[in-house]
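Trainee: Okay, here's the structure, questions in a sec.
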Ligand SMILES: Cc1cc2nc3c(=O)[nH]c(=O)nc-3n(C[C@H](O)[C@H](O)[C@H](O)COP(=O)(O)O)c2cc1C
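Numbering (the numbering used here), first residue to last: 4 to 333.
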């Protein structure tokens, strides 16, 4: 079984779970640039129980991926037990840990009592951890929020209960579920949780750059830091954050051509791993942000549907950059 503390010392910056984002192509882009531990998006234990092929696509790592952390969500202990066994069988030695989502604030999730709604039901939540721990050959961890309702701060007490149930680490996002992604994440929640539990704590919330990530590690009691939206258009963030935090290396600027090359690589990975390119539109916009004439390029990239259309657009963008300032007299 992995020693999470040792792993966190080597690379404290983890690729956070993000539904609709952290697919295999996305993970590989980040792994090639320094991410080590990377999470699937949250996967329904009910979906796995019904043996849905669509759900398994979310779980299974690509051959290039050395490991995977699988995040599960649901409310039924028996479905979690089934899912843990099924994931272990399917993923084998590449499975690093199983994480239980107790943080998702989406209406369609919480109305079923799943995700962050579990923070209102600590005993049910503990029974899910216990059901997983009984079956798991890997660490079982949980991801929580500061609390459920506005102004609520139950994270530390809740985390202590999850540790007692067998959780091997606790990740905490310093917003309440009610806040969704608005307002600021309160990093003091991370310290409060760390003061109450003996297991490692992963901090999350408002880590938008390598500098933010290094700051969370330095200024809070977090043993590791989740990078979520900070990966948008920036797959370098894991290597950059590590170099900054551990070796004091300043974060380099990434030029326009380098960004377009990375986008090309990412779209190619998507093309190789998925039948549909639609997801490429969102992350293409993220890579193009800040480039000359970004608004125009972004307006066009969201109309691309095929791999060839994306590539032709990038050829055009690269040609314009190569001609550069002289062409239009700037
Ligand atoms: C598009 C999107 C999808 C997300 N999906 C998940 C998810 O499936 N599981 C989870 O635990 N958190 C999920 N999160 C939350 C992130 O993992 C992270 O905790 C949150 O974004 C706070 O970090 P940030 O402010 O640095 O982005 C998601 C966040 C975003 C923006």
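Each residue gets a CB set at the ideal place from its N, CA and C atoms; glycine is no exception.
Residue 279 by DSSP, collapsed to three states: which one?
Mentor: Residue 279: coil per DSSP, three-state reduction.
Trainee: Between which two residues does the beta strand (DSSP E) holding residue 58 run?
Mentor: Here residue 58 belongs to no beta strand (DSSP E); instead the alpha helix (DSSP H) covers 56-62.
Trainee: From residue 18 to residue 66, what does the alpha carbon distance come to, in whole angstroms?
Mentor: Roughly 18 Å between the two C-alpha positions.
Trainee: Using only Cβ atoms and a threshold of 5 Å, which residues come within that distance of a heavy atom of ligand 1? Order them by chain position.
Mentor: This selection yields 19, 20, 21, 22, 44, 45, 104, 106, 146, 176, 207, 208, 209, 210, 231, 232.
Trainee: Count the C-beta pairs between the region 177-187 and the region 237-249 that are closer than 8 Å, then say yes if the count reaches three, no if not.
Mentor: No, they do not touch.
Trainee: With a CB to CB cut of under 7 Å and the five nearest residues on each side skipped, what residues in its chain are close to residue 47?
Mentor: Only 58, 76, 77 meet the Cβ criterion.
Trainee: For residue 235, I'd like the list of residues in its chain whose CB is within less than 6 Å of its CB, leaving aside the five on either flank, ordered along the chain.
Mentor: Answer for residue 235: 289, listed in chain order.
Trainee: Mind checking whether the beta-carbon of residue 223 lies closer than 7 Å to any heavy atom of ligand 2?
Mentor: In the structure shown, ligand 2 is absent; the only ligands present are ligand 1.
Trainee: Starting from the C-beta of residue 332, find all residues in its chain whose C-beta is less than 6 Å away, skip the five residues before and the five after it, and write them out in chain order.
Mentor: The pLDDT assigned to residue 332 is 37, lower than 50, so where the model puts this residue is not dependable; a value taken from the coordinates is nonetheless given after this. Excluding sequence neighbours, residue 332 sits near nothing in its chain.
Trainee: Could you tell me how far apart the beta carbons of residue 116 and residue 109 are, in whole angstroms, since I believe they sit closer than 8 Å?
Mentor: With 8 Å as the limit, residue 116 and residue 109 do not qualify as a contact, their Cβ atoms being about 13 Å apart.
Trainee: Answer with buried or exposed for residue 329, where buried requires no fewer than 16 other C-beta atoms within 10 angstroms of its C-beta.
Mentor: Because residue 329 carries a pLDDT of 46, less than 50, the predicted location of this residue cannot be relied on, and the following value inherits that uncertainty. By the 10 Å Cβ count, residue 329 comes out exposed.
Trainee: Decide if residue 251 is buried, meaning its Cβ has at least 16 other Cβ atoms within 10 Å, or exposed.
Mentor: Residue 251 should be labelled exposed.
Trainee: Would you mind listing the alpha helix (DSSP H) stretches within the region 55-140 that are 4+ residues and don't spill past its ends, in chain order?
Mentor: Whole alpha helix (DSSP H) segments, 4+ residues: 56-62, 80-94, 110-113, 125-138.
Trainee: Per DSSP, which residues does residue 18 bridge with? Please list them.
Mentor: Partner(s): 41, 230.
Trainee: Would you check if there are 3 or more beta carbon pairs closer than 8 Å linking the region 151-158 to the region 126-139?
Mentor: Not touching, per the Cβ criterion.
Trainee: Have a look at residue 14 and residue 179 and give me their C-alpha separation to the nearest angstrom.
Mentor: Computed Cα separation, rounded: 28 Å.
Trainee: The beta strand (DSSP E) spanning residue 146 covers which residue range?
Mentor: Residue 146 -> beta strand (DSSP E) spans 143-150.
Trainee: Whole angstroms is fine: what's the gap from residue 134's alpha carbon to residue 293's?
Mentor: Approximately 47 Å between the Cα atoms of the pair.
Trainee: Shorter than 8 Å from the beta carbon of residue 191 to some beta carbon of chain C?
Mentor: Protein chains in the displayed structure number just one, and chain C is not present.
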